[in-house]
Amino acid sequence: MEIEKVYEPQRFEPRWAQWWIDRGFYIANPRNPGRVFSLVIPPPNVTGILHMGHMLEHTEIDVTVRWHRMRGDNTLWLPGTDHAGIATQMVVERKLAEEGLDRRTLGREEFEKRVWAWKEESGGTIKRQMIRLGASCDWSRERFTLDEGLSRAVREVFVRLYEKGLIYRGEYMVNWCPGCHTAVSDLEVVHEETNGHLWHIAYPVNGTDRRIVVATTRPETMLGDTAVAINAKDARYLELHGKTVRLPLMDRDIPIILDDMADPLFGSGAVKVTPAHDPNDFEAGRRHNLPMIQVIDGNAKMTAATGPFAGLDRFEARKRVVKALEEQGYLVKVEPYRLSIGQCQRCKTVVEPLVSKQWFVKTKPLAEPAIRVVEDGRIQFIPESWSKTYFEWMYNIRDWCISRQLWWGHRIPAWHCETCNQVTVSRENPTACQHCGSSKILQDPDVLDTWFSSGLWPFSTLGWPDQTQDLATFYPTSLLITGFDILFFWVARMVMLGIECMGELPFRQVYIHGLVRDADKQKMSKTRGNVIDPLVVTEKYGTDAVRMSLLLGAAPGTDIVLTEDRMESARSFANKIWNASRLIFLNIEKSQVGPWLPTELNCCTPETDLNSLTAPLEDRWIFSRLNRCADSVNRAIEQYRYHEAAQTLWHFVWHEFCDWYLELKKLRFEENSGINLHWRNLLTVYEMALRLLHPVMPFLTEELWQRLAAGIAERPESISIASYPQYNLDVTDLKAEYEMTILQEIVTAAREMKADLKVDKKQILDASLVLREPARIVGEVQKQAIERLAGLKLTLRTEPVADQSGVVRSGPEFDLIVQAPAAQSGDAQTGRLMKQNEDLEKVIANSRRQLEDEKFVGRAPAHIINAVRQKLADYESQLRKNKDSLGA
RNA sequence: GGGCGCGUAGCUCAGUUGGUUAGAGCGUUCGCUUCACACGCGAAAGGUCCGGGGUUCGAGUCCCUGCGCGCCCACCA
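Its first residue numbered 20, the first sequence is counted upward by one per residue in my numbering.
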């Protein structure tokens, strides 16, 4: 069994990723029950691009999936739409490899050209492969030629909702993006606080000498004003009701109306009404039957209706309008004003509220059952607090504009009749208008919001609307892991559409993970340019290290800050495991231990009888600790407490297995050969530790496990399908843990003293050790181990011996007196004891006060009181001893 | 304007239902090239748990309040 001196993840990670993929249980097939969806952060030469914001998600999903697979749970997991990108990448990378090409040398443009070309020639092969790989169906750059199954599902849902009156078409105010030339939903508009102005404009009231002053942040829209509103309770203007004002610049007469939208406390109390360019005004316009005058068009240019301003850009028009108003004496004042302006999520253009004909989903009836399933716990959010955000949105939900004027996407299955102007909505492409029979019909040019089809994902991928076996098996599914940034976009809509179309919720648990942020706590995003490129860091530190560092920070409900520091220390951890393995493998060879794996793969059970008196302490101890570790890791992953799992494993492997267990076992290597009790126990713990670690660090553990298992016929093919170690209560050994703690305390005390005395660690000092019951056995059995680990020559005594040249360290269980070289007994030692005494006196005073407090003794539970008493006694004896040694 | 969350060691954060002298990683200081590992080993220093009240025998943890910070939602001119 050989192992390279240097830990190089780059050498084996790509190999295992490919190996898993080839065997099909790595990225699983949703159409094959019994397999699970699973994706990891793949190492650099297997896949290409990953969005940083989702690295954490991939890691958490993969950990969970591996864990479940190793436990033998047959569960379907639901990957998000973003997995589509990775799955595509994987297919494409493989295709590239087949042709002997490398994406990195190919260049982006050439690369994308090829992807499209393959799509063309394969007639959808890539798409189908993506579906097979568990990818999203949202692959729709060409019009009309989407995956057939999905198109069917989309049409089916559209037609159903339309027939139930839940989809309607109407002229409404939508957010129009002049950059993308499409309507966008409310959710796709991002608001940003900016410094603007509030312009106060005077409108002369016809037939009087009064003027009404209105305020606006968008003066150019005044060209389209069709009324001025005042509040019925506002005495200042009431007498003007029914009169008209002369609209400056346009010289139109517009009425003064009464409407609650005018807030008497804001500005002048009167408000201009522009029904074509403001959602509020639009509603007011409907209430009062006002004409709508569109003054800005889809390109954000002023329309012909604006006379001299026609053709100007809206911002240029603003300047000109203000100037004209000023020149003509209508501008009363200008004040600075904070306002939030809406921008298009995609292109950052300031959106323009425009009136146009769009398709909408009536959301209230869909939201009600979606609220109920969360209220009564049928869908559970983790962390729980997200349900409140979900409710907040659901209760205030507004109709969803689903039509988009883009050139890609699912086309809306509606046909307009040129003859009778009616609409035909149909599952199949119709040849004639269903109202008048005319064949002069044209399909609606709009496509659907991409989230409309994404919302069908839980069942459209399983063959719906056909009643397939997959659908029966996997709907509803168990878990959705996703980020809160798409809680409304995707999660909420899957719930609504799932309940509506399937009559049942799509999943039971929604685990919301944090966002990945950079060292300055900024959300990582491509536009900010602060992305840590996963390709670079996985290449540099190894995929396992990146996963580990992500998981260590992944406390539920909190965002994680990802820095290279963290990855570096995670790589150190991987390297530590590598080197511990090296130690084991080298000694296996030296001791001529043949290939050996533990036979019991379910529980953390030792193969040898640890109850016998000759059973080594380190074995009894490590199995006890291994079980606690297994217990804690299992529970942590089950509850999505990934950081806890990662930390537990880190501590167990490094600070228990490596620091103490292997150090103790080293002492046994020289005296042993062949497979014996020591080797069996060591290899069992090692192998189980690898399995425990596997979901977190799959590549490293697979690599080491395969080497360990080489030459053994009867075994699982891969560690990723070996069983996951479970807690075995019988192996917990409190006595061993106690004894080991004493041993550790003695060794630590000795090292501490030597460090204080500035004695070289290697220098062997004489020392005497006094152990009190029940710790006495540790001295008798572990004398040699203590001597070797601490660098002492030990004399066991039953009573302390006063010795001028020694330094003493005392605990409740033992006294350790080390003979110091004459010149070096010391100040450091004295200083340490003095400081310790100070602390002790403080806690002794605290404990005494507590015990003297009648209320405490009267009301606190007995075990707490006893614990305090015991502590007090320990502190006091410790203090006494410290004082003795200081006095001596 | 409404909602959510955060404030713990120099830095980044853990701390599950209140109960030992509040933990980890990084960084810092000291000592070591020991034959698995310097991506290492051994040791150390470092914290009025944001301030102020309250509940309790007992609060980093629960309640109120003040300050500071972040995020999400919202058509108020």
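Ideal Cβ placement from N, Cα and C applies to all residues, glycine included.
Collapsed DSSP secondary structure at residue i in the structure displayed
| i | result |
| --- | --- |
| W615 | coil |
| Q37 | helix |
| A433 | strand |
| C363 | strand |
| E371 | strand |
| W483 | coil |
| L277 | strand |
| L811 | strand |
| Y909 | In the structure as shown, the chain starts at 20 and stops at 907, and residue 909 therefore has no counterpart that could be examined. |
| K902 | helix |
| V750 | helix |
| I740 | helix |
| D7 | The question about residue 7 has no answer here: the residues shown for the chain are numbered 20 through 907. |
| V84 | helix |
| R230 | strand |
| F875 | helix |
| A246 | strand |
| D775 | helix |
| K861 | helix |
| Y191 | strand |
Identity of the residue in the options nearest residue i by Cα
| i | options | result |
| --- | --- | --- |
| K595 | F676, S610, D468, P525 | F676 |
| Q377 | Q782, A323, R188, V704 | R188 |
| L753 | P793, S473, I740, P714 | P793 |
| F334 | N318, G326, E345 | N318 |
| V672 | K685, N653, L645, Y661 | L645 |
| M269 | L898, M241, A665, E895 | M241 |
| L581 | L570, P575, S591 | L570 |
| V652 | H87, E76, W39, C452 | H87 |
| L852 | N865, V826, P831 | V826 |
| N856 | A881, I883, S896, P880 | S896 |
| F718 | L120, R30, I694, E23 | R30 |
| H200 | Q424, V290, D779 | Q424 |
| I531 | L524, L506, G522 | L506 |
| Y743 | R566, A708, K861, R816 | A708 |
| H662 | P714, E32, E689, S170 | P714 |
For residue i, the residue or residues it bridges with in DSSP
| i | result |
| --- | --- |
| W218 | T235, V353 |
| I926 | This structure leaves residue 926 out entirely; the chain is present only between 20 and 907. |
| T201 | C196 |
| Q399 | Q528 |
| G422 | It is Ser, not Gly, that sits at residue 422 in the sequence shown. Partner(s): L467. |
| F478 | Its beta-bridge partners do not exist; DSSP assigns none. |
| E212 | S359 |
| G304 | BP columns for G304 are empty, so no partner. |
| I315 | M321 |
| G798 | Partner(s): none; G798 has no beta bridge. |
Buried/exposed call for residue i, threshold 16 Cβ in 10 Å
| i | result |
| --- | --- |
| C196 | buried |
| P310 | exposed |
| R337 | buried |
| A36 | buried |
| T227 | exposed |
| V535 | buried |
| Y414 | exposed |
| G613 | exposed |
| I740 | exposed |
| C366 | exposed |
| Q362 | buried |
**Asked** So does the stretch 206 to 216 actually touch the stretch 430 to 440, counting three or more Cβ pairs closer than 8 Å?
**Response** No, the stretch 206 to 216 does not touch the stretch 430 to 440.
**Request:** Decide yes or no for the touch test of the stretch 560 to 568 against the stretch 516 to 524: beta carbon pairs closer than 8 Å, at least 3 of them.
**Result:** Flag = no, the stretch 560 to 568 and the stretch 516 to 524 do not touch.
**Asked** For the stretch 755 to 773 against the stretch 726 to 736, are there 3 or more C-beta pairs whose distance is under 8 Å?
**Response** They do not touch, by the three-pair rule.
**Item:** Sufficient close CB pairs (3 or more, under 8 Å) joining the stretch 583 to 590 to the stretch 396 to 416
**Value:** The stretch 583 to 590 makes no contact with the stretch 396 to 416; the number of CB pairs closer than 8 Å stays below 3.
**Prompt:** Does the stretch 277 to 290 come within contact of the stretch 246 to 263, defined as at least 3 CB pairs closer than 8 Å?
**Reply:** Yes, the stretch 277 to 290 is in contact with the stretch 246 to 263.
**Prompt:** Does the stretch 499 to 513 come close enough to the stretch 464 to 478 to have 3 or more Cβ pairs within less than 8 Å?
**Reply:** Because the criterion of three Cβ pairs below 8 Å is met, the stretch 499 to 513 and the stretch 464 to 478 touch.
**Meets three-Cβ-pair contact criterion under 8 Å: the stretch 387 to 399 and the stretch 437 to 454** = Contact fails: fewer than three Cβ-Cβ distances are below 8 Å.
**Asked** Taking one C-beta from the stretch 73 to 84 and one from the stretch 491 to 506 each time, how about it: are there three or more such pairs within less than 8 Å?
**Response** With a cut-off of 8 Å, the stretch 491 to 506 and the stretch 73 to 84 count as touching, because enough Cβ pairs lie within range.
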